[in-house]
Amino acid sequence: DTEVTQTPKHLVMGMTNKKSLKCEQHMGHRAMYWYKQKAKKPPELMFVYSYEKLSINESVPSRFSPECPNSSLLNLHLHALQPEDSALYLCASSQPDYLTYNEQFFGPGTRLTVL
Amino acid sequence: KQEVTQIPAALSVPEGENLVLNCSFTDSAIYNLQWFRQDPGKGLTSLLLIQSSQREQTSGRLNASLDKSSGRSTLYIAASQPGDSATYLCAGGYAGNMLTFGGGTRLMVKP
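Residue numbers (this note's numbering), protein chains in the order written: chain X, 244 to 358; chain W, 2 to 112.
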């Protein structure tokens with residue numbers, strides 16, 4: 244199974260709502276990633292978890308809160324978002340490696356709209 | 002800082018043409034180069050991954066090359082079809098599992 248799944252596919256939320264994005268993989272990967280992609284722009288890295296520990300936070304505002312409860316699951320908790328946070332949120336997974344690069348496998352993304 | 006650039010940003014061709022998409026990178030300490038396809042509003046579909054020790058990879062009508070010394074990669078699409086219309090992203094894989102994306106080329110193949 245080389246699939247990364249993300250739920251929900253689409254999410255519309257108000258600025259006062261709290262919601263969560265979910266990402267799951269069963270490839271035995273121990274590194275998982277969140278990316279944010281605005282329209283007509285490339286994906287931008289937000290967070291990296293390696294062995295279920297947060298290893299990279301690319302100066303993301305605290306209204307985005309990641310969580311990795313186990314090696315297969317990655318969540319992104321959303322609270323008090325702004326309309327400019329509307330974007331496609333992509334999850335990816337790979338085997339961790341600090342010295343080289345292992346291929347990342349991407350999920351289909353969650354299209355988030357903040358009203 | 003690692004930078005990846007794609008030229009052109011947009012390309013429109015008639016159906017049946019062979020075409021080349023270009024990708025350049027500044028940091029030659031690249032472990033591999035990956036080409037993705039992205040349809041509007043959708044996720045990334047991996048097309049080809051070239052290891053730094055390889056010169057090219059082929060999949061069907063797609064052929065990707067990698068030249069580390071010049072910092073360039075190309076994606077060749079043969080006999081283009083309207084279904085090839087999408088945004089094509091190249092990304093360099095670097096140490097620490099870091100992926101650096103180019104800005105993408107939006108391809109339109111007209112029937």
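Idealized CB from N, CA, C, for every residue including glycine.
Bridge partners of LEU254/X according to DSSP: LEU355/X. Bridge pairing for ILE51/W: LEU34/W [DSSP].
Here SER60/W has LEU48, LEU49 as same chain residues with Cβ atoms under 7 Å from its own Cβ, once five neighbours each way along the sequence are excluded.
Secondary structure at GLY94/W: strand, using DSSP grouped into helix, strand and coil. Look at PRO83/W here: in three-state DSSP terms it is helix. For a Cβ distance threshold of 8 Å, residue set PRO351, GLY352 of chain X lies close to LYS43/W, ordered along the chain. Distance from the CA atom of TYR294/X to the CA atom of GLU18/W, rounded to whole angstroms, is 46 Å. For the pair GLY94/W and GLY103/W, the Cα-to-Cα distance works out to about 12 Å. Below 8 Å, too few C-beta pairs join the region 85-94 of chain W and the region 257-266 of chain X to call them touching: fewer than three.
Identification of chain W residues near GLN325/X by a Cβ-Cβ cut-off of 7 Å yields none; the smallest Cβ-Cβ distance measures about 21 Å. THR88, LEU90, ALA92, GLY93, GLY94, TYR95, ALA96, GLY97, ASN98, MET99, LEU100: these are the residues of the region 67-100 of chain W whose beta carbon lies less than 9 Å from some beta carbon of chain X, given in chain order. Classified as buried, ILE31/W has 16 or more neighbouring CB atoms from the shown chains inside 10 Å of its CB. Taking 8 Å as the threshold, the shortest C-beta distance from LEU342/X to chain W falls below it.
Look at ASP68/W here: in three-state DSSP terms it is strand. Straight across, the Cα-Cα distance linking GLY105/W with ALA10/W is about 6 Å. By DSSP's assignment, ARG107/W forms a beta bridge with ALA11/W, THR88/W. Contact of ASN345/X with chain W is assigned, a C-beta pair being separated by under 8 Å.
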